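Notes to accompany the following structure.
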Amino acid sequence: MAVRSSFPEARRPAGGAGRILVVEDEPRIREIVRVYLAAAGYEVEEAADGRLALAAFDAAPPDLVVVDLLLPGLSGEALVRAIREVSDVPILIASAKRSDDERIEGLRLGADDYLPKPYNPVELVERVRAILRRTRPVSGAARPRTYASGRLEVDPATRQYRVDGREGRLTPTELRLLLALSASPGLVLDRERLLALVTTGIGETTRTIDVHVANLRRKLGDDASAPWAIETIPDAGYRWAAPVDREPAPVRGSR
Ligand code: CA
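Its first residue numbered 60, the sequence shown is counted upward by one per residue in our numbering.
Written out as structure tokens, the structure reads:
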């Protein structure tokens with residue numbers, strides 16, 4: 060897993076709504092998606108299979124990737140995994156929902172959302188817009204926040220985090236989850252509430268939240284059985300267990 064060593068600025072499009080890479084092997088669907096996204100102001104890059112998608116991704120990293128899972132050659136799952144190795148770009152899986160477990164598995168791989176086929180292209184554009192809105196820097200939140208007496212530091216603008224000397228980047232969904240939980244330390248939020256706060260909420264089940272919590276815990280190095288950050292409250296939901304520092308912790312020594 061590649062971890063960036065510094066806090067780079069979040070890449071924003073020079074103009075327009077952003078660049079979307081659409082990975083879809085069916086030309087008809089690809090064309091419809093392209094037309095609708097372009098009409099909404101997005102610049103669209105298309106790829107007909109996973110390998111072409113990786114090449115396009117390397118050539119010019121997009122602001123968001125739409126991925127079909129049933130692709131010839133490299134599967135959509137393998138593609139999502141390969142992208143996640145090097146990038147935390149928002150990923151929307153738009154694919155036939157073969158089972159609920161597959162949907163959950165897609166989210167476990169690090170996708171931000173899952174839109175089942177057949178879908179209305181208008182809804183796909185809405186999901187893209189919603190995910191990118193969550194990705195955008197939050198005004199008034201440009202200053203890094205610290206938690207647990209400085210143990211965890213998160214910059215909402217770039218989604219970079221630093222915990223116990225490790226650095227990485229949260230996905231938009233993980234950042235939203237972290238902010239939702241930590242906004243009310245000690246208060247239990249049930250899965251339905253978190254679902255509404257964190258995801259687009261359409262066609263989602265509360266299991267979605269469990270998967271995102273597991274992903275976030277893994278990044279934070281949090282242990283579900285002895286949590287310092289996110290506590291599971293049986294039959295109730297989740298609770299932020301660590302204090303939120305009011306001001307960024309002072310820099311101590313050369314640490
Ligand atoms: Ca397909």
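Even for Gly, the Cβ is constructed at its ideal location relative to N, Cα and C.
These numbers were taken from a predicted model, which means no experiment stands behind them.
Please state the DSSP three-state secondary structure of residue i.
| i | result |
| --- | --- |
| Asp249 | coil |
| Thr265 | coil |
| Ser154 | strand |
| Val148 | coil |
| Gly296 | strand |
| Arg78 | strand |
| Pro231 | helix |
| Ala106 | strand |
| Arg202 | coil |
| Glu161 | helix |
| Pro180 | helix |
| Val303 | strand |
| Leu275 | helix |
| Leu129 | coil |
| Glu83 | coil |
| Leu174 | strand |
| Arg225 | strand |
| Ala236 | The sequence shown places Leu at residue 236, not Ala. In this structure, Leu236 counts as helix in the three-state DSSP scheme. |
| Tyr95 | helix |
| Leu123 | strand |
| Val197 | With a pLDDT of 49 at Val197, under the threshold of 50, the modelled position of that residue is not reliable, and no figure is offered here. |
| Asp117 | helix |
Does the Cβ of residue i have 16 or more other Cβ atoms within 10 Å, making it buried, or fewer, making it exposed?
| i | result |
| --- | --- |
| Thr264 | exposed |
| Pro293 | exposed |
| Trp299 | buried |
| Asp117 | exposed |
| Gly245 | exposed |
| Asn274 | buried |
| Ser284 | exposed |
| Tyr297 | buried |
| Arg210 | buried |
| Asp127 | buried |
| Gly77 | buried |
| Glu251 | exposed |
| Ala106 | buried |
Using the Cα positions of residue i and residue j, report the straight-line distance between them to the nearest angstrom.
| i | j | result |
| --- | --- | --- |
| Ala206 | Glu290 | A small fix is needed here, since residue 206 is Tyr in this sequence, not Ala. If I take the Cα positions, the gap works out to 15 Å. |
| Glu226 | Val103 | 31 Å |
| Arg89 | Leu113 | 17 Å |
| Glu212 | Thr258 | 23 Å |
| Val148 | Leu138 | 13 Å |
| Trp287 | Arg193 | 26 Å |
| Leu344 | Val270 | Nothing in the structure corresponds to residue 344, since the chain is present only between 60 and 314. |
| Val187 | Leu151 | 7 Å |
| Leu248 | Tyr178 | 31 Å |
| Ser146 | Ala295 | 34 Å |
| Leu111 | Arg235 | 31 Å |
| Arg228 | Ala242 | 20 Å |
| Glu161 | Thr267 | 12 Å |
| Ile91 | Asp281 | 42 Å |
| Arg218 | Pro86 | 35 Å |
| Val303 | Ser208 | 7 Å |
| Pro215 | Val222 | 14 Å |
| Asp237 | Arg276 | For clarity, residue 237 is Leu in the given sequence; the question names Asp instead. The alpha-carbon atoms of Leu237 and Arg276 are separated by roughly 10 Å. |
| Ala99 | Pro203 | 32 Å |
| Lys156 | Lys176 | 7 Å |
| Ser198 | Leu253 | Confidence is the limiting factor: at Ser198 the pLDDT is only 47, short of 50, which leaves the residue's position unreliable, though a coordinate-based value still follows. Approximately 22 Å between the Cα atoms of the pair. |
| Ala301 | Ala97 | 43 Å |
| Thr230 | Ala119 | 19 Å |
Give me the Cβ distance between residue i and residue j, rounded to the nearest whole Å; I'm assuming they're in contact under 8 Å.
| i | j | result |
| --- | --- | --- |
| Asp108 | Leu80 | Between Leu80 and Asp108 the Cβ distance is about 13 Å, and since that is not below 8 Å, they are no contact. |
| Gly169 | Arg143 | 4 Å |
| Gly135 | Ser154 | 6 Å |
| Leu130 | Asp84 | 5 Å |
| Leu174 | Tyr95 | No, Leu174 and Tyr95 are not in contact; Cβ-Cβ is about 13 Å, not under 8 Å. |
| Val125 | Val82 | 7 Å |
| Leu123 | Leu191 | 6 Å |
Is residue i near ligand 2, going by C-beta to nearest heavy atom under 6 Å?
| i | result |
| --- | --- |
| Leu191 | Questions concerning ligand 2 fall outside what the structure shown contains, since the ligands it does hold are ligand 1. |
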